[in-house]
Amino acid sequence: MGTGTETGAVRMSAGLRATWRTLSIGAQRGCTAGLHVNATVVSPSSKARTSMTTISAQRATVMTTPLPPTTPRNGRVYNFSAGPAQMPESVLEQLQREIMDLDGTGIGLLEHSHRGPSYDRLLTEAYDSVRRASGLGADWEVLFLPGGSMQHFSLIAMNFIPKDGFAAFADTGLWAHKGEIETRAVRNTRTVFDGASCRFDHVPADNEIADCTGASYFCYCSNNTVEGTQFARPPKVNAPLVCDATSDLFSREYALDAHELIFASGQKNLGASGISLILVKKSFLAKADASLPGLLSYANFAKADSRPNTPPTFGVRVIGLMSKWIADHGGPKVFAVLNAKKAANIYAAIDRSNGFYRPSMRDDCRSQMSISFQLPSDALVDAFVAESEKAGLFGLRGHRDWGGIRACVYNAFPAHGSELLAEFMDDFKKKQA
39 MGTGTETGAV
49 RMSAGLRATW
59 RTLSIGAQRG
69 CTAGLHVNAT
79 VVSPSSKART
89 SMTTISAQRA
99 TVMTTPLPPT
109 TPRNGRVYNF
119 SAGPAQMPES
129 VLEQLQREIM
139 DLDGTGIGLL
149 EHSHRGPSYD
159 RLLTEAYDSV
169 RRASGLGADW
179 EVLFLPGGSM
189 QHFSLIAMNF
199 IPKDGFAAFA
209 DTGLWAHKGE
219 IETRAVRNTR
229 TVFDGASCRF
239 DHVPADNEIA
249 DCTGASYFCY
259 CSNNTVEGTQ
269 FARPPKVNAP
279 LVCDATSDLF
289 SREYALDAHE
299 LIFASGQKNL
309 GASGISLILV
319 KKSFLAKADA
329 SLPGLLSYAN
339 FAKADSRPNT
349 PPTFGVRVIG
359 LMSKWIADHG
369 GPKVFAVLNA
379 KKAANIYAAI
389 DRSNGFYRPS
399 MRDDCRSQMS
409 ISFQLPSDAL
419 VDAFVAESEK
429 AGLFGLRGHR
439 DWGGIRACVY
449 NAFPAHGSEL
459 LAEFMDDFKK
469 KQA
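Our numbering numbers the first residue of the sequence shown as 39 and each following residue consecutively.
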């Protein structure tokens with residue numbers, strides 16, 4: 039295991055954009071592990087709300103249907119956006135119908151009571167579909183919470199870290215870094231892998247992660263959308279695993295059961311923004327702080343069928359339909375093959391460019407979801423984006439704090455789009471020769 043070292047507090051400032059950009063093109067140095075500690079302030083509050091009977095969602099047999107379409111229809115374009123991301127047209131069309139009239143009730147999806155029988159059905163279907171897509175059993179709770187994944191870094195801390203405890207973090211990029219900052223607003227943290235010193239070009243091997251003894255949990259991002267790196271398997275550390283799987287959940291076979299809690303916001307592989315999916319082992323949930331206010335308590339959401347107050351009903355429906363679509367098409371096992379082929383097309387164009395396209399990550403940590411690379415100049419990036427849009431390829435500009443180009447090929451992204459992008463990359467390079 040690596041050895042933790044004392045460092046200053048985690049910093050996030052107005053200069054982060056320049057810092058991240060510098061790291062993306064700077065010289066590589068050796069990676070180090072560091073330690074960050076901060077005081078905490080958390081106020082105990084009222085008891086959790088009275089719970090409702092939890093819906094029992096049983097696992098269903100995955101039924102495979104024909105593979106997803108390889109090209110968009112109805113005048114739609116190829117959308118490589120990091121999120122909100124491209125969704126299946128069949129799901130969009132079903133939502134379109136249901137927004138006007140759900141189940142022939144004369145009431146639209148957005149108008150139905152969250153306590154009525156129609157929403158009861160949609161919620162049950164969402165639970166069932168998530169369990170089908172995940173393969174997780176009855177020892178796991180499935181929760182739907184309003185808001186994005188960033189808020190869960192602090193919520194998880196409040197639920198599972200004692201006030202004198204800490205969480206261990208792998209800082210593998212922008213979102214992991216921001217996640218640790220959010221956690222440090224309420225609890226102590228310890229950085230057990232610091233990727234900044236190697237410009238975030240890889241995720242750590244197990245022996246690069248410092249000792250996690252005493253940590254309430256070890257938190258990491260399975261896929262780093264900005265930098266284009268991805269864990270091939272969950273890290274093996276001496277602490278419970280918590281994973282932000284926002285950008286690659288259900289995209290491949292991954293040992294979800296090795297974790298205690300997995301969270302993901304909806305706008306990538308799960309559909310709409312403004313909602314998060316939480317998968318948490320019941321044994322871990324039993325350790326949650328019971329003194330938290332009801333709307334901050336995961337245990338309370340579990341008792342209340344994810345609706346201790348009016349839930350984001352539309353977002354729940356979208357996650358349900360997206361999870362069903364994934365499960366119906368063979369689940370993560372099938373999508374792993376499809377996504378690998380999409381990513382391979384783009385990486386092949388990078389590799390045959392003789393350095394014109396410069397990947398941001400090491401070969402052994404390349405993401406299958408988020409392909410990030412640099413061009414020789416900002417002017418060429420601007421030209422690449424402008425010309426790619428003329429070719430019907432949208433959403434390719436890299437993150438504002440990282441620069442370059444980023445192509446995200448989530449589950450619903452049509453396969454042919456990656457082939458067209460690879461061809462465009464070849465042609466663009468030739469024009470610059």
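Glycine included, each C-beta is placed from N, C-alpha and C at the ideal position.
Quick check on the DSSP output: what are the complete alpha helix (DSSP H) runs of length 4 or more inside the region 168–244, in order along the chain?
DSSP runs (the alpha helix (DSSP H)) wholly in the region 168–244: 188–198, 212–222.
- Query: So is residue 506 buried or exposed if we call it buried at 16+ other beta carbons inside 10 Å?
  - Reply: No answer is possible for residue 506: the residues shown for the chain start at 39 and end at 471.
Taking the Cβ atom as the reference point for each residue, do residue 377 and residue 290 lie within a distance shorter than 8 Å?
Reading the sequence shown from its first residue, position 339 is the one you call residue 377. Reading the sequence shown from its first residue, position 252 is the one you call residue 290. For residue 377 and residue 290, yes; Cβs fall inside 8 Å.
When the Cα of residue 353 is compared with those of 381, 311, 372, which residue comes out closest?
Looking up residue 353 in the sequence shown gives position 315. It is 311.
| said: Can you find the residues in the same chain that come closer than 8 Å, C-beta to C-beta, to residue 446, ignoring five residues on each side of it along the sequence? | reply: Residue 446 sits at position 408 when you count from the first residue of the sequence shown. 118, 119, 120, 121, 123, 263, 285, 306, 407, 408, 409, 433.
Using three-state DSSP, classify residue 97 as helix, strand or coil. Here the question's residue 97 lines up with position 59 in the sequence shown. A caution first: residue 97 carries a pLDDT of 30, below 50, which makes its placement in the model too unreliable to give a value.
> When we look at the beta-carbon of residue 465 and count the other beta-carbons within 10 Å, is it buried (16 or more) or exposed?
Replying inline: Looking up residue 465 in the sequence shown gives position 427. Looking at its Cβ environment, which holds fewer than 16 other Cβ atoms inside 10 Å, residue 465 is exposed.
*For residue 297, collect the residues of the same chain with a Cβ closer than 6 Å to its Cβ; drop the 5 residues on either side in sequence, then sort them by chain order.*
For the purposes of this step, residue 297 is taken as residue 259 along the sequence shown, with counting starting at 1. Cβ neighbours of residue 297 beyond the five flanking positions: 279, 281.
>> Taking the straight line between their C-alpha atoms, what separation do you get for residue 171 and residue 417?
In response: One-based indexing of the sequence shown puts residue 171 at position 133. One-based indexing of the sequence shown puts residue 417 at position 379. Their Cα atoms are separated by approximately 43 Å.
Grab the span of the beta strand (DSSP E) containing residue 447 for me, first residue to last.
-> Numbered from 1 along the sequence shown, position 409 holds the residue referred to as residue 447. From DSSP, residue 447 is part of no beta strand (DSSP E); its letter is neither H nor E.
Q.
On a Cα-Cα basis, can you pick out the residue from 116, 160, 111 that is closest to residue 131?
A. As a working mapping, residue 131 is identified with position 93 in the sequence shown. When only C-alpha atoms are compared, the closest one is 111.
Check: Counting along the chain, where does the alpha helix (DSSP H) carrying residue 376 start and finish?
Finding: For the purposes of this step, residue 376 is taken as the residue at position 338 of the sequence shown. First-last of the alpha helix (DSSP H) with residue 376: 369–389.
Q: Spatial neighbours of residue 143 within its chain, please: CB distance less than 7 Å, with the 5 preceding and 5 following residues excluded, ordered by chain position.
A: Counting from 1 along the sequence shown, the entry for residue 143 is found at position 105. Hits under 7 Å: 156.
Where residue 468 sits in the DSSP three-state scheme:
Residue 468 sits at position 430 when you count from the first residue of the sequence shown. In the structure shown, residue 468 sits in a helix (DSSP, three-state: H, G or I).
Practice item. Please list the segments of the beta strand (DSSP E) lying wholly inside the region 268–296, counting only runs of 3 or more residues, in order along the chain. Key: As far as the region 268–296 is concerned, its whole beta strand (DSSP E) runs of at least 3 residues are 279–282.
**Report entry** Between the CA atoms of residue 221 and residue 283 - distance to the nearest angstrom
**Finding:** The residue given as residue 283 occupies position 245 in the sequence shown. The residue given as residue 221 occupies position 183 in the sequence shown. If I take the Cα positions, the gap works out to 17 Å.
- Can you list, in chain order, the residues of its chain whose CB lies under 6 Å from that of residue 327, leaving out five sequence neighbours each side? Start at 1 with the first residue of the sequence shown, and residue 327 comes out as number 289. Hits under 6 Å: 197.
Keeping to the same chain, check which residues put their C-beta closer than 6 Å to that of residue 217; ignore five residues upstream and five downstream.
Numbered from 1 along the sequence shown, position 179 holds the residue referred to as residue 217. Excluding residues within five positions, the ones whose Cβ falls inside 6 Å are 191.
* To do: Note down, in chain order, each residue of its chain lying with its Cβ closer than 6 Å to the Cβ of residue 207, except the 5 sequence neighbours on either side.
  => Counting from one through the sequence shown, the residue named residue 207 turns up at place 169. Answer for residue 207: 218, 227, 229, 257, listed in chain order.
* Asked: Going by alpha carbons, who is nearest to residue 152 out of 314, 350, 238?
  -> Position 114 of the sequence shown, counted from the start, is the residue given in the question as residue 152. Per the C-alpha coordinates, the member of 314, 350, 238 positioned closest to residue 152 is 350.
Exercise. Touching or not, the region 319–334 and the region 176–195, by the rule of three or more beta carbon pairs under 8 Å?
Worked result: yes
Would DSSP call residue 404 helix, strand or coil? Counting from one through the sequence shown, the residue named residue 404 turns up at place 366. In the structure shown, residue 404 falls within a strand segment according to DSSP collapsed to helix, strand and coil.
Run the CB neighbour count on residue 444, radius 10 Å, all protein chains shown included, and call it buried at 16 or more, exposed below.
Here residue 444 refers to the residue found at position 406 when the sequence shown is read from its first residue. It is buried - the Cβ of residue 444 has at least 16 other Cβ atoms within 10 Å.
Exercise. Check residue 145 in the structure and name its three-state DSSP category.
Key: Sequence index remark: in the sequence shown, residue 145 carries index 107 (1-based). Residue 145 falls in the coil class under three-state DSSP.
How is the alpha helix (DSSP H) around residue 335 delimited, first residue to last? Looking up residue 335 in the sequence shown gives position 297. It is not in any alpha helix (DSSP H) - residue 335 carries neither H nor E in the DSSP assignment.
*asked:* Looking only at its chain, what residues have a beta carbon closer than 6 Å to the beta carbon of residue 211, apart from the 5 residues adjacent to it on each side?
replied: In the sequence shown, residue 211 corresponds to position 173, counting from 1. Taken in chain order, the residues that qualify are 238, 262, 264, 265.
How close, in whole Å, do the beta carbons of residue 329 and residue 182 come, if the pair is a contact with beta carbons under 8 Å? Locating residue 329 in the sequence shown gives position 291, counting from the first residue. Locating residue 182 in the sequence shown gives position 144, counting from the first residue. Contact flag wrong, Cβ pair sits at about 23 Å.
Reference residue 288; option with closest CA among 233, 437, 169, 439: Position 250 of the sequence shown holds residue 288. The shortest C-alpha separation from residue 288 is found at 169.
### Query
Can you pull the DSSP bridge partners for residue 318?
Residue 318 sits at position 280 when you count from the first residue of the sequence shown. In DSSP, residue 318 forms a bridge with 179, 299.
Q: Note down, in chain order, each residue of its chain lying with its Cβ closer than 7 Å to the Cβ of residue 388, except the 5 sequence neighbours on either side.
A: On the sequence shown, residue 388 is found 350 positions in, with the first residue counted as 1. 395, 397, 411.
Fill in: Pair within 8 Å by beta-carbon distance, residue 308 and residue 357
Your numbering for residue 308 matches position 270 in the sequence shown. Your numbering for residue 357 matches position 319 in the sequence shown. Yes, these two residues count as a Cβ contact at 8 Å.
> Would DSSP call residue 135 helix, strand or coil?
Replying inline: Looking up residue 135 in the sequence shown gives position 97. Three-state result, residue 135: helix.
For residue 234 and residue 141, what's the separation of their Cα atoms in angstroms? Looking up residue 234 in the sequence shown gives position 196. Looking up residue 141 in the sequence shown gives position 103. Distance between the alpha carbons of residue 234 and residue 141 is about 52 Å.
Practice problem: Please work out which residues of its chain come closer than 6 Å, Cβ to Cβ, to residue 260, disregarding the five sequence neighbours upstream and downstream, and give them in chain order. | Solution: Counting from 1 along the sequence shown, the entry for residue 260 is found at position 222. Correct list, in chain order: 269, 281, 283, 286.
task = Just grab the DSSP bridge partners of residue 116 for me.
result = On the sequence shown, position 78 is the one that residue 116 refers to. According to DSSP, which records beta bridges pairwise, residue 116 is partnered with 431.
Hey, how far is the Cα of residue 450 from the Cα of residue 243? Here residue 450 refers to the residue found at position 412 of the sequence shown. Here residue 243 refers to the residue found at position 205 of the sequence shown. Near 30 Å, if we compare the C-alpha coordinates of residue 243 and residue 450.
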